[in-house]
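Colleague: Order-wise, the sequence lines are chains A and B. Note that this note's numbering numbers the first sequence so that position 170 is 221, with each residue one more than the last. Note that this note's numbering numbers the second sequence so that position 147 is 198, with each residue one more than the last. Ideal placement from N, C-alpha and C gives every residue a C-beta, glycine not left out. Attaching a single structure in structure tokens format; questions to follow.
Protein chains: 2
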Amino acid sequence: MECAVLFSGGKDSTLAALLLESVYDVTLVTGQFGITDVAGHAREAADAIDFPMATVDLDREVAAAAVEQMVADGYPREGIQQVHEHALEVVAGLDYDAIADGTRRDDRVPTVTRPAAQSLEDRHGVDYLAPLAGFGRGAIDDLVAQLLVVEAGPSDAIAKADYETELRALIADRYGADRVADIFPAHTQTRVRGLR
Amino acid sequence: MECAVLFSGGKDSTLAALLLESVYDVTLVTGQFGITDVAGHAREAADAIDFPMATVDLDREVAAAAVEQMVADGYPREGIQQVHEHALEVVAGLDYDAIADGTRRDDRVPTVTRPAAQSLEDRHGVDYLAPLAGFGRGAIDDLVAQLLVVEAGPSDAIAKADYETELRALIADRYGADRVADIFPAHTQTRVRGLR
Numbered sequence: 052m053e054c055a056v057l058f059s060g061g062k063d064s065t066l067a068a069l070l071l072e073s074v075y076d077v078t079l080v081t082g083q084f085g086i087t088d089v090a091g092h093a094r095e096a097a098d099a100i101d102f103p104m105a106t107v108d109l110d111r112e113v114a115a116a117a118v119e120q121m122v123a124d125g126y127p128r129e130g131i132q133q134v135h136e137h138a139l140e141v142v143a144g145l146d147y148d149a150i151a152d153g154t155r156r157d158d159r160v161p162t163v164t165r166p167a168a169q170s171l172e173d174r175h176g177v178d179y180l181a182p183l184a185g186f187g188r189g190a191i192d193d194l195v196a197q198l199l200v201v202e203a204g205p206s207d208a209i210a211k212a213d214y215e216t217e218l219r220a221l222i223a224d225r226y227g228a229d230r231v232a233d234i235f236p237a238h239t240q241t242r243v244r245g246l247r
Numbered sequence: 052m053e054c055a056v057l058f059s060g061g062k063d064s065t066l067a068a069l070l071l072e073s074v075y076d077v078t079l080v081t082g083q084f085g086i087t088d089v090a091g092h093a094r095e096a097a098d099a100i101d102f103p104m105a106t107v108d109l110d111r112e113v114a115a116a117a118v119e120q121m122v123a124d125g126y127p128r129e130g131i132q133q134v135h136e137h138a139l140e141v142v143a144g145l146d147y148d149a150i151a152d153g154t155r156r157d158d159r160v161p162t163v164t165r166p167a168a169q170s171l172e173d174r175h176g177v178d179y180l181a182p183l184a185g186f187g188r189g190a191i192d193d194l195v196a197q198l199l200v201v202e203a204g205p206s207d208a209i210a211k212a213d214y215e216t217e218l219r220a221l222i223a224d225r226y227g228a229d230r231v232a233d234i235f236p237a238h239t240q241t242r243v244r245g246l247r
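Here you go:
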């Protein structure tokens, strides 16, 4: 069975792919708004862990609405959630048997509730999988240490293929770099550089 | 890393083991009260899917209390939950890096809440994994069809290595066979006979 794993080049989506590959033919799928070079970063990360990879175009209007939401809120949570739901809808409309993401037990955002998952599955005739939904922080940290080579750094310095990178760029373009720092508190990002 | 997967010989715990084997050294662990030949059924099922397997003794007093609960309730839910929590505690006390079960997104029982999972992890210094927590019924059915040879039949005719089999026997012994049928409505059970 063919499974598309939403891929950001980070550790969660990489671990999701590694868990699923024993039972699915996994393709990493990266959504791009076309704001930054998401495709290039995703390709590099996918090559490093040796998975096939594809990109899918996301709707620029969704990015614009998410950015307005974030600027109004002063924090990124709701905007990220909106973009993730959009990406799931787009990938669910492609020709895979299953779609998956890297959402974890302890994640606050993005989240996919049980009714939202069921609705996605029913409307698109696809299975939605969250292989890390039953994994806590300790398990993730142990798996990363065991399986992955990662590069960690400040969130404004690590170029990933995730929504945040493109949304930050859009906010910087429209509202200035200071606004980005207001909305996204400094945090550590990790990017996967390879398998151990 | 060594992971113990709580194993009943059914499809859920088998799929949990198959998902985890790409990233863990999996041992199937079957809890037994010593009421029926759980170890024999578990060994047969484990051999059929080619995983190493161990048994662990559960506390007969927990079985007795669960049966009292079920008889008082007239349904099995709370009793099964108590036994599952006991089994997790026992296996968490063994020498594995991680323990896992086959609980699914849509399961009503047994369930392991996020705080319960965190508590188990903190007290025992172990990772608790629920690899199917992010899988719905459709995904499970698709995986079973793709990967497993299963035998299905009425729940009183399929001998599995699960809690239900032993608790049914204990109820029959103490309260008679009719009481078993009252408490456990007739349902279809599946037993895994091999891999496709």
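#1: Could you run through the segment 64-78 of chain A and flag, in chain order, every residue whose CB is less than 7 Å away from some CB of chain B?
#2: Taking the CB atoms as reference points, tell me whether Gly-187/B and Glu-172/A lie closer together than 8 Å.
#3: Considering only their Cβ atoms, is the gap separating Val-141/B from Ala-117/B smaller than 8 Å?
#4: Who are the near neighbours of Arg-247/A in its chain, counting only those whose CB is closer than 8 Å to its CB and skipping five residues on each side?
#5: Assuming Thr-106/A contacts Thr-81/A under a Cβ cut-off of 8 Å, what Cβ separation, rounded to an integer in Å, is found between them?
#6: To the nearest angstrom, report how far apart Glu-202/A and Ala-210/B are at their CA atoms.
#7: Starting from Met-104/A and walking both ways along the alpha helix (DSSP H), at which residues does that stretch end?
#8: Do you know offhand how far Gly-204/B's Cα is from Arg-219/A's?
#9: Can you check the segment 94-157 of chain B for any beta strand (DSSP E) of at least 3 residues that lies completely inside it and give the ranges in chain order?
#10: Using three-state DSSP, classify Ala-237/B as helix, strand or coil.
#11: For the alpha helix (DSSP H) that contains Pro-166/B, what are its first and last residues?
#12: Please list, in chain order, the chain B residues whose beta carbon lies closer than 7 Å to that of Phe-186/A.
#13: Which bits of chain B does Ala-248/A rub up against, with CB to CB less than 7 Å?
#14: If you compare alpha carbons, which of Gly-144/B, Leu-70/B and Leu-221/B is closest to Gly-176/B?
#15: Can you tell me whether Asp-213/A is buried or exposed, with buried defined as 16 or more other CB within 10 angstroms of its CB?
Modeller: According to the structure data:
#1: Leu-69, Leu-70, Glu-72, Ser-73 and Val-74
#2: By one-based count along the second sequence, residue 187/B stands at place 136. By one-based count along the first sequence, residue 172/A stands at place 121. In contact: Gly-187/B and Glu-172/A (Cβ atoms closer than 8 Å).
#3: Looking up residue 117/B in the second sequence gives position 66. Looking up residue 141/B in the second sequence gives position 90. It is not a contact, given that the beta carbons lie outside the stated cut-off.
#4: One-based indexing of the first sequence puts residue 247/A at position 196. The answer, listed in chain order, is Gln-197, Leu-198, Leu-199 and Val-200.
#5: By one-based count along the first sequence, residue 106/A stands at place 55. By one-based count along the first sequence, residue 81/A stands at place 30. About 5 Å separates the two Cβ atoms, so the contact holds.
#6: Here the question's residue 202/A lines up with position 151 in the first sequence. Here the question's residue 210/B lines up with position 159 in the second sequence. Taking the straight line joining both Cα atoms gives about 50 Å.
#7: In the first sequence, the residue the question calls residue 104/A occupies position 53. In the DSSP annotation of this structure, Met-104/A is not part of any alpha helix (DSSP H); the continuous beta strand (DSSP E) holding it starts and ends at 104-108.
#8: What you label residue 204/B is simply residue 153 of the second sequence in a count that begins at 1. What you label residue 219/A is simply residue 168 of the first sequence in a count that begins at 1. The alpha-carbon atoms of Gly-204/B and Arg-219/A are separated by roughly 56 Å.
#9: 104-108 and 149-151
#10: Here the question's residue 237/B lines up with position 186 in the second sequence. Note: Ala-237/B maps to coil in three-state DSSP.
#11: The residue labelled residue 166/B in the question sits at position 115 within the second sequence. 165-175 is the span of the alpha helix (DSSP H), which, as asked, contains Pro-166/B.
#12: As a first step, residue 186/A must be located in the first sequence, where it is residue number 135. Residues of chain B with a Cβ closer than 7 Å to the Cβ of Phe-186/A are, in chain order, Leu-180.
#13: Residue 248/A lies beyond the stretch modelled for chain A, which goes from 52 to 247, so this question has no answer here.
#14: Numbered from its first residue, the second sequence carries residue 176/B at position 125. Closest option to Gly-176/B, Cα to Cα, is Gly-144/B.
#15: In the first sequence, counting from the first residue as 1, residue 213/A sits at position 162. Buried, by the Cβ-count rule.
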